[in-house]
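Written out below as structure tokens is the structure these notes cover.
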Amino acid sequence: MSLSVELQCFISRSAWSAKLTQEQLARVQKDTFQRSYSAGALICHRGAPADHWIGVIEGLVKVDTVSKGGRATTFAGVPAGSWFGEGALLKDEPRPYSVVALRDSEIGFIPHSTFEWLLDNSHSFSRFVIDQLNARCGYYVGLVGNRRLQKASARVAFCLAELFNPQLFGVTDLTLGLSQEEIGRLSGLSRQNTNRALHELADAGLLTIEYGSVRILDLAGLRDFAHAED
DNA sequence: ACATTAAATTCGA
DNA sequence: TCGAATTTAATGT
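So in the UniProt record's numbering, the last spot in the first sequence is 230, and the numbers never skip.
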């Protein structure tokens with residue numbers, strides 16, 4: 001697979017590549033490949049072997065499981081600019097979730113062996129992965145705490161705020177192209193309640209609602225809202 | 001669950 | 001190629 005300019009740019013923009021040596025960077029660029037997915041396409045099946053570290057170059061992806069009854073639970077939305085899947089790679093286990101493109105997306109893949117090699121050979125790369133795991137850990141701690149406050153709007157605030165977690169996701173664009181139904185799945189709420197919650201947040205001046213998307217106005221305010229006792 | 005409205009697609013000139 | 005008409009998807013109640 002040829003090295004697209006797009007892919008090279010994406011790699012050099014990623015925080016973890018900044019301190020790699022020329023040799024290391026060259027190997028990453030040689031081993032990494034890119035694929036396009038149209039909206040709704042399955043990127044990897046639940047239970048498939050975890051052969052790659054996955055980067056979202058463009059578009060938006062979700063991570064979810066589907067139970068026997070066909071009910072979908074979404075764990076996380078992954079916006080462009082982030083890398084994920086290191087958990088399954090490190091454990092050398094099948095992926096416990098499926099990955100689906102929500103929009104037309106460009107996805108980069110770094111092979112398992114290259115990933116391990118970087119961990120062994122680049123201190124700054126290992127550090128990046130540790131920080132990222134730690135951030136996810138913090139995310140789940142926050143999530144558990146957040147769930148205790150049964151407030152729908154707080155849940156939605158939390159999920160939205162975490163989508164813009166700068167450690168996990170190098171996002172710049174504060175407009176989120178997600179339908180309310182999708183936001184509902186992310187926060188584990190019905191579309192109805194999501195709608196009410198979004199209006200509550202909009203009334204509080206934290207975001208504005210647009211057709212098919214939501215624009216974040218006050219990220220810090222969303223975080224506060226997610227943790228406020230009420 | 002239903003009615004409304006935005007957006008995407010089709011069709012005819 | 002443009003715009004009206006139709007169909008599909010998202011939203012509000």
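Yeah, the Cβ is synthetic: ideal placement off N, Cα and C, and Gly gets one too.
7 Å Cβ shell around residue i - same chain, five flanking residues per side excluded
i	result
A39	A101, L102, R103, D104
L89	A50, W53, H112, F115
Q8	Q29
L25	S17
E200	S153
CB contact flag (residue i, residue j, <8 Å)
i	j	result
V144	S98	no
I107	I209	no
P94	A48	yes
A80	I110	no
V214	L168	no
Bridge partners - residue i, DSSP secondary structure assignment
i	result
F84	I54
Spatial neighbours of residue i in its chain, beta-carbon cut-off 8 Å, leaving aside the 5 residues before and after
i	result
L206	A157, I216, L217, D218, G221, L222, F225
K151	D230
Helix, strand or coil at residue i according to DSSP, with G and I counted as helix
i	result
F164	coil
F33	strand
G108	strand
K91	helix
D64	strand
Neighbourhood of residue i by C-beta, 6 Å cutoff - its chain only, sequence neighbours within 5 removed
i	result
F125	W16, L118
S187	R155, V156, C159
Per-residue burial, residue i [other beta carbons within 10 Å of its own, 16 or more giving buried]
i	result
Y211	exposed
T194	buried
N134	exposed
V141	exposed
L60	buried
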